[in-house]
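In the working numbering, the protein residues as written are 10 to 652. This report refers to the structure that appears directly beneath it.
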Amino acid sequence: SEPRADLYLSICVLVLCVVQAVSYSMYLDRNRLFLLSWETSAENIVFQVEAETRGYVGLGFSPTGGMQNADIVIGWVDDSTGRSHLLDYHGGSTNSAPILDTLQDYTLLSARQNGTHTVIRFQRPWDTCDREHDYALSNDTVKVIWAMDNTDPREGGLGLSYHGRQNRGTKSLYLNNPLKMNLTTKETVQYWDITLDNFTLPAQVDTVYWCKIFKAPPLNSKHHMIGYEPILPAENIELIHHILVYECSNSPEFEQYLNFSGAYCYTDQMPKLFSNCLLPVVTWAVGATGELFPPHVGLPLGDVESSTYFMIEVHYDNPQLTQVTVSSGVRVHYTSDLRQYDGAVLISGLVTSPFQIIPPYQKEFKTTGYCDFLCIQSALSSNGINITSVVLHSHLAGRKIRLRHIRSGIELPVISEDNNYDFNYQEARILPHEVQILPGDELITECFYETLDRTEPTVGGHTTRQEMCLAFALYYPRTSLASCLSMTPVQNFFKTFGINKFYDYDMKELEKIFLHLMTPHNKEETTTLAPEVKLDNNSLLLFADGMLMTQLVIEDPEEFRNKTFPVHMRDMPWRDTLLTQAIEKTLNYGKHMTFCRLNNDSLAMAPQIFVYPNFTSLPKVEVECTHMKHRVMDNASKSCHLE
Numbered sequence: 010s011e012p013r014a015d016l017y018l019s020i021c022v023l024v025l026c027v028v029q030a031v032s033y034s035m036y037l038d039r040n041r042l043f044l045l046s047w048e049t050s051a052e053n054i055v056f057q058v059e060a061e062t063r064g065y066v067g068l069g070f071s072p073t074g075g076m077q078n079a080d081i082v083i084g085w086v087d088d089s090t091g092r093s094h095l096l097d098y099h100g101g102s103t104n105s106a107p108i109l110d111t112l113q114d115y116t117l118l119s120a121r122q123n124g125t126h127t128v129i130r131f132q133r134p135w136d137t138c139d140r141e142h143d144y145a146l147s148n149d150t151v152k153v154i155w156a157m158d159n160t161d162p163r164e165g166g167l168g169l170s171y172h173g174r175q176n177r178g179t180k181s182l183y184l185n186n187p188l189k190m191n192l193t194t195k196e197t198v199q200y201w202d203i204t205l206d207n208f209t210l211p212a213q214v215d216t217v218y219w220c221k222i223f224k225a226p227p228l229n230s231k232h233h234m235i236g237y238e239p240i241l242p243a244e245n246i247e248l249i250h251h252i253l254v255y256e257c258s259n260s261p262e263f264e265q266y267l268n269f270s271g272a273y274c275y276t277d278q279m280p281k282l283f284s285n286c287l288l289p290v291v292t293w294a295v296g297a298t299g300e301l302f303p304p305h306v307g308l309p310l311g312d313v314e315s316s317t318y319f320m321i322e323v324h325y326d327n328p329q330l331t332q333v334t335v336s337s338g339v340r341v342h343y344t345s346d347l348r349q350y351d352g353a354v355l356i357s358g359l360v361t362s363p364f365q366i367i368p369p370y371q372k373e374f375k376t377t378g379y380c381d382f383l384c385i386q387s388a389l390s391s392n393g394i395n396i397t398s399v400v401l402h403s404h405l406a407g408r409k410i411r412l413r414h415i416r417s418g419i420e421l422p423v424i425s426e427d428n429n430y431d432f433n434y435q436e437a438r439i440l441p442h443e444v445q446i447l448p449g450d451e452l453i454t455e456c457f458y459e460t461l462d463r464t465e466p467t468v469g470g471h472t473t474r475q476e477m478c479l480a481f482a483l484y485y486p487r488t489s490l491a492s493c494l495s496m497t498p499v500q501n502f503f504k505t506f507g508i509n510k511f512y513d514y515d516m517k518e519l520e521k522i523f524l525h526l527m528t529p530h531n532k533e534e535t536t537t538l539a540p541e542v543k544l545d546n547n548s549l550l551l552f553a554d555g556m557l558m559t560q561l562v563i564e565d566p567e568e569f570r571n572k573t574f575p576v577h578m579r580d581m582p583w584r585d586t587l588l589t590q591a592i593e594k595t596l597n598y599g600k601h602m603t604f605c606r607l608n609n610d611s612l613a614m615a616p617q618i619f620v621y622p623n624f625t626s627l628p629k630v631e632v633e634c635t636h637m638k639h640r641v642m643d644n645a646s647k648s649c650h651l652e
C-alpha cells in the first residue's frame, strides 16, 4: 500500500500546484491561534486552516453564528499513524455535538502537523447541492464558526471531544472578493490620522454622535486619498459603531473650530457651520478593516477645488451606560502620484427620519428608498459614472440590503446586495465589475428587517435600536451629486396609518414643518438630521421630529380621536398579517418624495414626488445544481483521508 499512498500524495501535490497561491487570510480569534486562508474560483473555494493544536480543527458556516443547523467540516492528523482525516458534519436542531453527513462534500487536499500546529487544506464547491445539511456559500456575508481541541478523534470521527468555551468562536466574513489592505511601500504614500482622543462617554445616554473639525495636512499640490483604515481602542472596541469623515466647504470660518473639542452632532450644541460638511470621504462601520480604492481612482486632497476642512463623526453605542474614556478615528492614506480619476461617494436610500416605520412581530418587512431619474439626469454627463464599491448600511433589525439598478423601464443586474446582512460586520463590498450609471437611470435601495422580538414599531433614526436604509457608493469621475434619497410624503404617510387630520395642524402645515420650511407655531428652530439626509439650508429635516410626533393629537377619524400619534401606533393590531402587508405595499410601492442634494449643500431641484417606478424586474435565474458528485464515506474508514 505504500507506493499507492505516495502516488496519492503526488496527485494532491499536483492539484495544489495548479491552484493559485492563497488569496485571503484572516485570524478568526483575538489571540491569533486560528488562521483561516482561502482562495476562490468560479466553481470552488479552497480553505486552509492553521491552528495551534495537535488535535482536531473544525470550521463551519452557520445561519446564526452557532452550531445549530451549521455546515461543519472537521480535520486532524492522527498522532499515532500520521494519517490525515477530513469529515463533513452538520449541526443538529440544538447547539450539541455535530452529526456526520452521509454525503461528504469536502475534498482533503493536504494536511500536516508539527510539535505545535496543525495545518489542513481542503476544498468544496460554492454550492454543494446538499440542501439538507450543507450551507450554500455566495456573495453574502457568512458567519464562520471555528473550534479546535488538543485531542484527536478516533477512526471515523468517533469519540469527538468537546472543545470547550475557550477554543471556539464565530466571525462574519465576505468570502467572495473581500477587501485587501495591502498598501504600497512607495515613499509617496503618506498618512493623516484623524482622531478623537480621550473622549469620555456620558453614562446617561446609550447613543452619542460626536462631531469635530479637522484641517487637512499642508500640501503644495493636488494629492489623492487612496484609502483608509480605522484607529480603534485596544479595549472597549465594541463602543465604536461607525466613523464617518465629511468634506466641508472651504469657508475660512472653519479655522476658528480647529481647537474646538467638538460637539454633539446635529443638536443645538453643534455650530451651524458644521452643516456645511456634507460629502463623505470615509465610511467605516463596525467590523470593517478599512478600504483601499481602485488603482485608477482617488479622492482629491490639497487641490484648489477640494476642501481644506473635514468633519469627523463618531457614533458611540453604549447600551450598558458605562462612563468610559476612549480614543478612536481613522488613518487616511494619500499620495502625490495622482490616479487617473477623481472619485466621490454617492449616498442612496431612505431619508433617516421617523417616516420610516417597521412594525413589530415581523419575520420580514421591506422598506424602499428611491433615487429618481431626474436627479441622476441633472447631475451626470452623457458618459455617466462608474461605481466601484458599495457600503450597505442599516441597524440591528436589518437582515438583507440590496441596491437595484433600472434603465429605460428594465431592471439591470443588482449593483450590490447582502442577503445575510450582519450589523456587526459592515465592510465595503468591492464590485467584481464596475457598474456604469447613465443619465436617466434609477436606483432603488431595499432593506429587509426582522422584528419578531420587538413589541413596538421601530422608526428611522440614529440610535442602533432605530433604523436606517442607506447605500454608500464609491464612484468616478467625481460629480456635484452627493445624495439621492426619498421618503413617503407626509400626508400619504399618515393616511397609511388611517389618520386624516390632527388637532392644530393641517397636513400641508405638517409637511412644511417636517421639511423645515417653517417652524411650528414660531417655536425656536431645532437642528438637523445627519448629513447624509440633509436637504438644503431652507428645508432641513428636524432631528427632533420624533419628539414632534408626540405632540400630534388625532382629530379624525373619530375612532382614533384624542390619541397621540405614538399611542395610536402602539395600539395598532400589528399581529394582523393583512394589515402589515398592506402597510408594506403602500409605503414601498406608493408615492416617494425625492431629494437630490449636491455637494455644495443645495438641492439640484425642488423635492419631487414620484410613484414607485413601473419596470420589468430582472428575471430570477434558477441555478441548476451541477455538483452532485458527492464524496460518499469510505465504509472502511468512515473518513476522507490521505495516507
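Glycine included, each C-beta is placed from N, C-alpha and C at the ideal position. Since this is a predicted model, take the numbers as computed values, not measurements.
Under three-state DSSP, which class holds M527?
On the sequence shown, residue 527 is found 518 positions in, with the first residue counted as 1. The predicted position of M527 is uncertain, since its pLDDT is 33 and thus under 50; a value taken from the coordinates is nonetheless stated next. Coil at M527, not helix or strand.
Can you name, in chain order, every residue of its own chain whose Cβ lies under 6 Å from the Cβ of G236, other than the five neighbours on each side?
Counted from its first residue, the sequence shown places residue 236 at position 227. Only residues of its own chain outside the window of five on either side were considered, and among them E300, L301, F302 and H342 have a CB closer than 6 Å to the CB of G236, listed in chain order.
For T344 and A297, I'd like the C-alpha separation in whole angstroms.
By one-based count along the sequence shown, residue 344 stands at place 335. By one-based count along the sequence shown, residue 297 stands at place 288. One C-alpha to the other measures close to 23 Å.
Taking 8 Å as the cut-off, decide whether the C-beta atoms of T361 and H471 are in contact.
The count along the sequence shown starts at 1 and reaches residue 361 at position 352. The count along the sequence shown starts at 1 and reaches residue 471 at position 462. Yes, the Cβ-Cβ distance between T361 and H471 is below 8 Å.
Just to confirm my understanding: we take S316, look at its own chain, exclude 5 residues before and 5 after, and list those with CB closer than 6 Å. What are they?
The sequence position of residue 316 within the sequence shown is 307, counting from 1. Excluding sequence neighbours, S316 sits near E256, C257 and N259.
Sort F374, L210, F283 and D346 by Cα distance to T657 and report the nearest one.
The chain is shown only over 10 to 652; residue 657 falls outside these bounds and no answer can be derived.
Per-residue DSSP class, three states only, for A591
Position 582 of the sequence shown, counted from the start, is the residue given in the question as residue 591. Helix, per DSSP.
For I108, count neighbouring Cβ atoms within 10 angstroms of its own Cβ and tell me buried if that reaches 16, exposed if not.
Here residue 108 corresponds to residue number 99 of the sequence shown, with the count starting at 1. Its Cβ having fewer than 16 others within 10 Å, I108 is exposed.
Who are the Cβ neighbours of S425 in its own chain at under 6 Å, not counting the five residues just before and after it?
The residue you call residue 425 lines up with position 416 of the sequence shown. So the qualifying residues of the chain are V399, L412 and R438.
Same chain, Cβ closer than 7 Å to E564, five either side skipped, listed in chain order
Residue 564 sits at position 555 when you count from the first residue of the sequence shown. Hits under 7 Å: K510, F511, Y512 and R570.
Decide if F269 is buried, meaning its Cβ has at least 16 other Cβ atoms within 10 Å, or exposed.
Your numbering for residue 269 matches position 260 in the sequence shown. Exposed, since its Cβ has fewer than 16 Cβ neighbours within 10 Å.
Within the same chain, show all residues whose beta-carbon is closer than 6 Å to that of G418, passing over the 5 residues directly before and after it, in chain order.
Taking the first residue of the sequence shown as position 1, residue 418 is located at position 409. Residues F624 of the same chain have their beta carbon placed closer than 6 Å to that of G418, with the five preceding and five following residues left out of the count.
Secondary structure of G236, DSSP reduced to three states:
Taking the first residue of the sequence shown as 1, we reach residue 236 at position 227. Strand.
Roughly how many whole angstroms lie between the Cα atoms of V214 and P239?
Taking the first residue of the sequence shown as position 1, residue 214 is located at position 205. Taking the first residue of the sequence shown as position 1, residue 239 is located at position 230. Each residue's alpha carbon lies about 24 Å from the other.
For a quick check, are the C-beta atoms of G75 and N104 less than 8 Å apart?
By one-based count along the sequence shown, residue 75 stands at place 66. By one-based count along the sequence shown, residue 104 stands at place 95. With a cutoff of 8 Å on beta-carbon distance, G75 and N104 are scored as near each other.
Along the chain, where does the beta strand (DSSP E) containing P422 start, and where does it finish?
The residue given as residue 422 occupies position 413 in the sequence shown. Counting along the chain, P422 sits inside the beta strand (DSSP E) bounded by residues I419 to D427.
Contact the region 172–184 vs the region 84–100: 3+ CB pairs below 8 Å
As far as the Cβ criterion goes, the region 172–184 does not touch the region 84–100, which means the pair count is below three.
Restricting to runs no shorter than 3 residues, where is the beta strand (DSSP E) found entirely within the region 296–373?
Counting only runs of 3 or more residues that sit fully inside the region 296–373, the beta strand (DSSP E) segments are 306–310, 318–326, 334–344 and 353–359, in chain order.
Are the region 48–67 and the region 125–134 touching, with three or more C-beta to C-beta distances below 8 Å?
Because the criterion of three Cβ pairs below 8 Å is met, the region 48–67 and the region 125–134 touch.
Within this structure, are the beta carbons of H233 and P309 separated by less than 8 Å?
Numbered from 1 along the sequence shown, position 224 holds the residue referred to as residue 233. Numbered from 1 along the sequence shown, position 300 holds the residue referred to as residue 309. Result yes, Cβ atoms of H233 and P309 sit closer than 8 Å.
Once the 5 residues before and after H251 are set aside, which same chain residues still bring their CB inside 7 Å of it?
Within the sequence shown, numbered from 1, the residue matching residue 251 stands at position 242. Non-local C-beta neighbours of H251 in its own chain, meaning closer than 7 Å and more than five positions away in sequence, comprise W293, A294, V295 and H324, ordered along the chain.
Could you name the residues of the same chain whose beta carbon sits closer than 6 Å to that of H142, not counting the 5 residues immediately before and after it, in chain order?
Position 133 of the sequence shown holds residue 142. For H142, where only same-chain residues beyond five positions count, the Cβ hits under 6 Å are H99 and D110.
Separation of G165 from V468, as counted between CA atoms:
For the purposes of this step, residue 468 is taken as residue 459 along the sequence shown, with counting starting at 1. For the purposes of this step, residue 165 is taken as residue 156 along the sequence shown, with counting starting at 1. So the two alpha carbons sit approximately 53 Å from each other.
Quick check on DSSP: helix, strand or coil for N229?
The residue you call residue 229 lines up with position 220 of the sequence shown. Three-state DSSP puts N229 in coil, outside helix and strand.
Span separating the alpha-carbon of T603 from that of S495
Here residue 603 refers to the residue found at position 594 of the sequence shown. Here residue 495 refers to the residue found at position 486 of the sequence shown. If I take the Cα positions, the gap works out to 4 Å.
Taking the alpha-carbon positions, what's the R41 to M35 distance?
In the sequence shown, the residue the question calls residue 41 occupies position 32. In the sequence shown, the residue the question calls residue 35 occupies position 26. R41 and M35: Cα-Cα distance of roughly 9 Å.
Output needed for A353: all residues of its chain with C-beta closer than 6 Å, excluding positions within five of it in sequence on either side, in chain order.
Within the sequence shown, residue 353 is the residue found at index 344, counting from 1. R487, listed in sequence order.
Is P242 helix, strand or coil when you go by DSSP?
Walking along the sequence shown from the start, residue 242 turns up at place 233. DSSP, reduced to helix, strand and coil, places P242 outside both helices and strands of the structure shown, so it counts as coil.
Quick check: what's the CA-CA separation for I366 versus S489?
Translated into positions along the sequence shown, residue 366 becomes position 357. Translated into positions along the sequence shown, residue 489 becomes position 480. If you take the alpha carbons of I366 and S489, they lie about 31 Å apart.
Spatial neighbours of F43 within its chain, please: CB distance less than 6 Å, with the 5 preceding and 5 following residues excluded, ordered by chain position.
One-based indexing of the sequence shown puts residue 43 at position 34. For F43, where only same-chain residues beyond five positions count, the Cβ hits under 6 Å are L37, A60 and W155.
What does DSSP give as the partner residue(s) for N395 in the beta ladder?
Here residue 395 refers to the residue found at position 386 when the sequence shown is read from its first residue. For N395, which the question treats as bridged, DSSP gives the partners Q445 and Y485.
I need the DSSP call for G165, collapsed to helix, strand or coil.
Indexing the sequence shown from 1 puts residue 165 at position 156. Correct three-state label for G165: helix.
Given a cut-off of 8 Å on the beta-carbon distance, is the pair F2 and R416 in contact?
In the structure as shown, the chain starts at 10 and stops at 652, and residue 2 therefore has no counterpart that could be examined.
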